[in-house]
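Residue numbers (the UniProt record's numbering): 1 to 420.
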């Protein structure tokens, strides 16, 4: 019994520990990630100097790779986790190598495009960052920095973001800005208990702005992602609050209010964006593309995929006969890595969700589990396996959920640590 207590104390002491070199490496890693992400996001507007901002991305890469390598520790909480993880990394390497090309444009796509490039295949390595609270504290800071830049970029490109016509560039700006910079603030709200009122209000404001742009541009996938994450915030608040009856009455009132507003908007034809949203709400933009995907994929393709640069025949988009992506993201995973990739993900993610939800004592673990679950749900309506904070949070969450020590930390202790 004494040995068990000593071991527990050692593990708790470990999650609270850090040194100067470790903090420096961690800060440089996240600085590199911020430079890379912020530079790419602004270039997605196609209204900036590509050379300048791609140079900033390269600086970010030069910061991320060596510091990330130093921070990764091959320590696992179970043999099962270890085996499945190495299978995932091995298969990701196969996918990457099968699409590797040294042509200039292919290299630029692979290195400088976080959505469709090569870095997304290495995100699972972040699961092996040390399970220390300082890492999660920095993670929260980075999420807020991204959110602040979402506001800044929204001001700079407000004309494009508020465009209600069927403008492809405007649509892409809304998607890339929101999903790359803003959606991750949902995790701040899901872990509201550990943050100040000011930070929670700021996060809510950022998410509300994101929802506003999603409505204006009638982005159904983005609306589902943002409103769904708010529902998860409500679920966590419901679990933690002592005033469940009050919460029930308040939530009922909010639903009635939202229902009334929705009815008014649906019956109103004055606002142009309302008619656009109504039209988009019933428009089927997926079935045709998915049919081409299913007809083009052959037997072995379903098993192992077609590699990082894999494409399929789809003459529906007016951009050539072959496409390298499909918005239904679980099919995109099949396209690149086959059902092997999908099954491996399920083998590590499903147990993580179970552990986080049903074998934990704190909101951090439950929020991590819900984030993983919601990410899996979003593989149907949206592209979510991309090198952004949203996807990075999935693998940070896996690390949290598999850690017995983190799952059993007290709520009060975590709150004290994160509020300092």
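We put the beta carbon where it would ideally sit given N, CA and C, even for glycine.
The Cβ atoms of residue 326 and residue 349 lie no closer than 7 Å to each other. Shown here, residue 323 sits in a strand according to DSSP, grouped into three states. If you look at residue 203, you'll find it in the alpha helix (DSSP H) that goes 197 to 216. Between residue 305 and residue 341 the beta-carbon gap is near 7 Å, inside 8 Å, which marks them as a contact.
Straight-line measurement puts the Cα of residue 417 at about 45 Å from the Cα of residue 98.
With contacts defined by Cβ atoms closer than 7 Å, residue 87 and residue 300 do not form a contacting pair. Separation of the CB atoms of residue 203 and residue 185 is rounded to 4 Å, and the pair is thereby assigned contact status at 8 Å. DSSP places residue 105 in the uninterrupted alpha helix (DSSP H) bounded by 104 to 112. The beta carbon of residue 12 is closer than 7 Å to those of 405 in its chain, skipping five residues each way along the sequence. CA-CA distance, residue 172 to residue 180, rounds to 11 Å.
In summary, residue 161 is buried, with 16 or more beta-carbon neighbours lying within 10 Å of its beta-carbon over all protein chains present. When rounded, the separation of the alpha-carbon atoms in residue 100 and residue 90 is 15 Å. Under the three-pair Cβ rule at 8 Å, the region 29 to 44 counts as touching the region 130 to 144. CA-to-CA, the gap between residue 322 and residue 239 works out to about 47 Å.
Here residue 395 is near residue 126, since their CB atoms are less than 7 Å apart.
Secondary structure note for residue 238: its alpha helix (DSSP H) is the uninterrupted segment 220 to 240. When only Cα atoms are considered, residue 387 and residue 116 end up about 8 Å apart. Rounded to whole angstroms, the separation of the alpha carbons of residue 385 and residue 75 is 24 Å.
Taking residue 309 as reference, the option from 110, 29, 57 and 49 with the minimal CA-CA separation is 110.
In the DSSP annotation of this structure, residue 306 is not part of any alpha helix (DSSP H), being labelled neither H nor E. The C-alpha of residue 315 is placed about 14 Å away from the C-alpha of residue 294. For residue 136, the enclosing alpha helix (DSSP H) starts and ends at 133 to 156. Taking the Cα of residue 330 as reference, the smallest distance to any Cα among 221, 365, 363 and 379 is reached at 379. With fewer than 16 other Cβ atoms inside 10 Å of its own Cβ, residue 420 counts as exposed. Of the residues assessed, residue 79 falls on the exposed side of the cut-off, its CB having fewer than 16 other CB atoms within 10 angstroms.
If you check the CB distance, residue 77 and residue 403 come in under 7 Å.
Non-local beta-carbon contacts of residue 44 in its own chain, meaning distances under 7 Å to residues more than five positions away in sequence, involve 172, 173 and 176 in chain order.
The C-alpha of residue 212 is placed about 33 Å away from the C-alpha of residue 58.
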